[in-house]
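Residue 12 is where the sequence shown starts when you use my numbering, and the numbers rise one by one after that.
What follows is a short report on a single structure.
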Amino acid sequence: MSPNWGMLPNAKDLGVGLFGDGVGIPHRRCERGSAMTSAVKVDVRAFWDHGYQIVRGVYSPDEIKQLRENAYASRAVGGDLLSKPLMRDVLLDGTLVGIARQILGSDEILYAGDSSYTINSNQHGYHKDNADRKDPSAPDWRGRYTILRFGIYLQDHTTHTGGLNLRDRSHNSVSLRKGRNVYVRSSVGDVVVWSLRTSHSGNGSLLTFPRWFHPAPHLAELPRRLRRRNGKYPRWWPEATADGDRIAVFAALGLDDAHHRRYTDYLKTRTYMCDIWRRSLFDEEVFTAARKIGLTVWDMRREIEADPTVGKNPTWQPIAY
Numbered sequence: 012m013s014p015n016w017g018m019l020p021n022a023k024d025l026g027v028g029l030f031g032d033g034v035g036i037p038h039r040r041c042e043r044g045s046a047m048t049s050a051v052k053v054d055v056r057a058f059w060d061h062g063y064q065i066v067r068g069v070y071s072p073d074e075i076k077q078l079r080e081n082a083y084a085s086r087a088v089g090g091d092l093l094s095k096p097l098m099r100d101v102l103l104d105g106t107l108v109g110i111a112r113q114i115l116g117s118d119e120i121l122y123a124g125d126s127s128y129t130i131n132s133n134q135h136g137y138h139k140d141n142a143d144r145k146d147p148s149a150p151d152w153r154g155r156y157t158i159l160r161f162g163i164y165l166q167d168h169t170t171h172t173g174g175l176n177l178r179d180r181s182h183n184s185v186s187l188r189k190g191r192n193v194y195v196r197s198s199v200g201d202v203v204v205w206s207l208r209t210s211h212s213g214n215g216s217l218l219t220f221p222r223w224f225h226p227a228p229h230l231a232e233l234p235r236r237l238r239r240r241n242g243k244y245p246r247w248w249p250e251a252t253a254d255g256d257r258i259a260v261f262a263a264l265g266l267d268d269a270h271h272r273r274y275t276d277y278l279k280t281r282t283y284m285c286d287i288w289r290r291s292l293f294d295e296e297v298f299t300a301a302r303k304i305g306l307t308v309w310d311m312r313r314e315i316e317a318d319p320t321v322g323k324n325p326t327w328q329p330i331a332y
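Here it is, written out as structure tokens:
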């Protein structure tokens, strides 16, 4: 069944103010525009070779400061980013869509309701986000995979701990152990983009000494002397400090193809995702803004509302093919 593209119920009719509780201001969509989007250049070949890229200097420090304030102000608003008036322009200002177009080589970009942000999340450990995580013969591993995960980290991770870990070139293997462990040193204003097939982990550890050693998230992968200490570093291996609250904004964009339809079918099985979709309340203004930047938005709330079979799996489970 193809997802609906129609209009969701008007947010005002559901008791949700267009601008939430009135705190903060929307992100600067009008000020960025197509000129800013066209100025962002991505090393497309490196992305497909390594499974990720850091796009430097996409946002200004003032924009990141405003996003942090908007994230705090939006904590009481449920649903995806489009449901949060102070956060929705992350998807609607055209910046992420422009990056996706460069990487995927298409002007037709799809958003299917997968976006969120976290404040001081403690999730840790390598995993993949795609549907077929363990079976190399499954459809996800046939041909080029066309769904991207965007991460905007609203604080410094060049010299501060708590950043993203990735495995270099891990997007071509189902193994979570394959690929060099990388601590992503993102600066304020950078955008990190990776394949949903890339192994990654949040809340990475950055040591001030030895600077050449990047701890892997899994205890079994640490040097033997650290495994004997239950993963605790020696006192002379200090961890860098955090740069305030760790706020990270995430969104998935891709092509309207078999990979995306399979990923959406998988998300329909997940409890947390269906809960987010049921709380995703926005009106025609969102669809109008999306059309202006060439972004197709699938109405996942309407897609699942009459389906009693969705959202049964609290954890990852394979889907049939």
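Just so you know, even glycine gets a beta-carbon here, dropped at the ideal spot from N, CA and C.
Evaluate residue i with the Cβ neighbour count: other Cβ atoms within 10 Å of its Cβ, from every protein chain shown; 16 or more gives buried, anything less gives exposed.
i, result
"Pro-72", "exposed"
"Thr-219", "exposed"
"Tyr-8", "This structure cannot settle anything about residue 8, because the visible part of the chain is limited to 12 through 332."
"Thr-157", "buried"
"Gly-17", "For Gly-17, the pLDDT reaches just 41, beneath the cut-off of 50, and the residue's location in the model is therefore unreliable, leaving the point undetermined."
"Gly-124", "buried"
"Asp-143", "buried"
"Asp-91", "buried"
"Pro-228", "buried"
"Ala-269", "exposed"
"Phe-30", "At Phe-30, the pLDDT of 31 sits below 50, so the modelled position is not reliable; the number obtained from the coordinates is stated separately. Exposed, by the Cβ-count rule."
"Gly-322", "buried"
"Gln-77", "buried"
"Trp-309", "buried"
"Arg-160", "buried"
"Arg-191", "exposed"
"Arg-246", "exposed"
"Glu-314", "buried"
"Pro-325", "exposed"
"Tyr-194", "buried"
"Trp-223", "exposed"
"Ala-263", "buried"
"Pro-319", "exposed"
"Ala-5", "No information on residue 5 is available, as it lies outside the stretch 12 to 332 that the chain covers here."
"Ser-13", "Because the pLDDT of Ser-13 is 46, which lies under 50, any placement of that residue in the model is unreliable, and the number read from its coordinates should be weighed accordingly. Exposed, by the Cβ-count rule."
Under 7 Å Cβ to Cβ from residue i, same chain only, skipping five residues before and after it: list those, please.
i, result
"Ile-75", "Leu-165, Val-199 and Gly-200"
"Asp-276", "Ile-330"
"Asp-118", "Arg-112 and Gly-305"
"Gly-26", "Model confidence at Gly-26 stands at a pLDDT of 33, short of 50, so the residue's coordinates are unreliable; what they give is reported in the following sentence. For Gly-26, where only same-chain residues beyond five positions count, there are no Cβ hits under 7 Å."
"Ala-300", "Leu-103"
"Arg-110", "Going by the sequence as given, residue 110 is Ile instead of Arg. For Ile-110, where only same-chain residues beyond five positions count, the Cβ hits under 7 Å are Val-51, Val-53, Val-66, Val-202 and Val-204."
"Val-69", "Val-51, Thr-106, Gly-200, Asp-201 and Val-202"
"Asp-140", "Arg-160 and Leu-207"
"Ala-57", "Gln-64"
For residue i, I'd like the list of residues in its chain whose CB is within less than 8 Å of its CB, leaving aside the five on either flank, ordered along the chain.
i, result
"Ala-46", "Unreliable placement is indicated for Ala-46, whose pLDDT of 48 sits below 50; no coordinate value is reported for it."
"His-271", "Leu-121, Ala-123, Thr-157, Ile-158 and Gly-265"
"Pro-221", "Trp-248"
Near residue i, which residues of its chain fall below 6 Å by C-beta distance, leaving aside the five closest residues on each side in sequence?
i, result
"Leu-278", "Met-284"
"His-61", "Asp-179 and Arg-180"
"Pro-226", "Ser-216"
Thinking C-beta only, is residue j closer than 8 Å to residue i?
i, j, result
"Ile-2", "Val-55", "Only positions 12 to 332 of the chain appear in the structure, and residue 2 is not among them; the question remains open."
"Leu-93", "Ser-85", "no"
"Ser-210", "His-168", "no"
"Asp-286", "Ile-130", "no"
"Thr-280", "Gln-328", "yes"
"His-135", "Ala-251", "no"
"Lys-145", "Val-185", "yes"
"Asp-254", "Thr-307", "no"
"Ile-258", "Tyr-128", "yes"
"Arg-312", "Trp-288", "yes"
contact_flag[the segment 167–178, the segment 210–223] where n(CB pairs < 8 Å) is 3 or more: yes
Within the segment 254–286, ranges of the beta strand (DSSP E) (whole runs, at least 3 residues): 258–265
Stretch-stretch touch, CB-based, cutoff 8 Å, three pairs: the segment 134–151 with the segment 96–105: no
Complete runs of the beta strand (DSSP E) confined to the segment 104–178 [at least 3 residues]: 120–122, 126–130, 158–164 and 176–178
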